[in-house]
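Novice: Residue numbers (the numbering used here): 2 to 161.
The beta carbon of each residue, even a glycine, is placed where N, CA and C say it ideally should be.
A quick note: this is a predicted structure, and the numbers were derived from the prediction, not measured.
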């Protein structure tokens, strides 16, 4: 796979025009997006801004920022969603998604046991009617962005 065939690189090429859900936060090395086919609000994806297909190929600067991003995102998810913990997972094996990316997933207190741990991936690729809508993902992105920048919003991310 080349950068030309890569979903993440395609989005990066549109960087200045991305909706909030595709650019929750960023720095020179990383961009955070809300997953587009999940049934779980707050399912984030942390992506290097250059094409990388293996963790060992991250630059020292990318690697140095990685842990900080994972912790900051976990804290923001806890503040915004009330999750009891987050899962951080990296595979980068799906067709079209070999670009290194880390799933940062809020684990809610009421998540059924069969959807905990690796079972959480059952909440991806759900039928359209079950997925977080673009509008919901944008609201979540704005709430997380505010939390990350130290300006928590009064309204929750789901609009209530």
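If you check the beta carbons only, do residue 105 and residue 149 fall under 9 Å apart?
Specialist: no
Novice: Straight-line CA distance for residue 119 to residue 45?
Specialist: 16 Å
Novice: Would residue 66 pass as a contact of residue 31 if the rule is Cβ separation under 9 Å?
Specialist: yes
Novice: Answer yes if the stretch 47-55 comes into contact with the stretch 88-101, meaning at least three C-beta pairs across the two stretches below 8 Å, and no otherwise.
Specialist: yes
Novice: For residue 162, count neighbouring Cβ atoms within 10 angstroms of its own Cβ and tell me buried if that reaches 16, exposed if not.
Specialist: In this structure the chain extends from 2 to 161, so residue 162 is not present and cannot be described.
Novice: Closest to residue 11 by C-alpha separation, out of 41, 99, 63 and 58, would be which residue?
Specialist: Considering only alpha carbons, the answer is 99.
Novice: Using DSSP with H/G/I as helix, E/B as strand and the rest coil, what is residue 35?
Specialist: strand
Novice: Between residue 72 and residue 61, what straight-line distance do the alpha-carbon atoms span, to the nearest angstrom?
Specialist: 18 Å
Novice: Output needed for residue 142: all residues of its chain with C-beta closer than 7 Å, excluding positions within five of it in sequence on either side, in chain order.
Specialist: Only residues of its own chain outside the window of five on either side were considered, and among them 21, 22, 25 and 35 have a CB closer than 7 Å to the CB of residue 142, listed in chain order.
Novice: What are the boundary residues of the beta strand (DSSP E) that includes residue 126?
Specialist: Unbroken run through residue 126: none, as it is neither H nor E.
Novice: Nearest-angstrom Cα distance between residue 9 and residue 76?
Specialist: 24 Å
Novice: Residue 47 lies in the beta strand (DSSP E); which residues open and close that run?
Specialist: 45-49
Novice: Where do the N-terminal and C-terminal ends of the alpha helix (DSSP H) with residue 72 fall, by residue?
Specialist: 61-82
Novice: Let's test the definition: count the other Cβ atoms within 10 Å of the Cβ of residue 85 and tell me whether it reaches 16, buried, or not, exposed.
Specialist: exposed
Novice: Verify whether the separation of the beta carbon atoms of residue 112 and residue 40 is less than 9 Å.
Specialist: Cβ atoms of residue 112 and residue 40: not closer than 9 Å.
Novice: What residue from 38, 103 and 17 has the CA that sits closest to residue 68's CA?
Specialist: Selected option, being the one with the closest Cα: 103.
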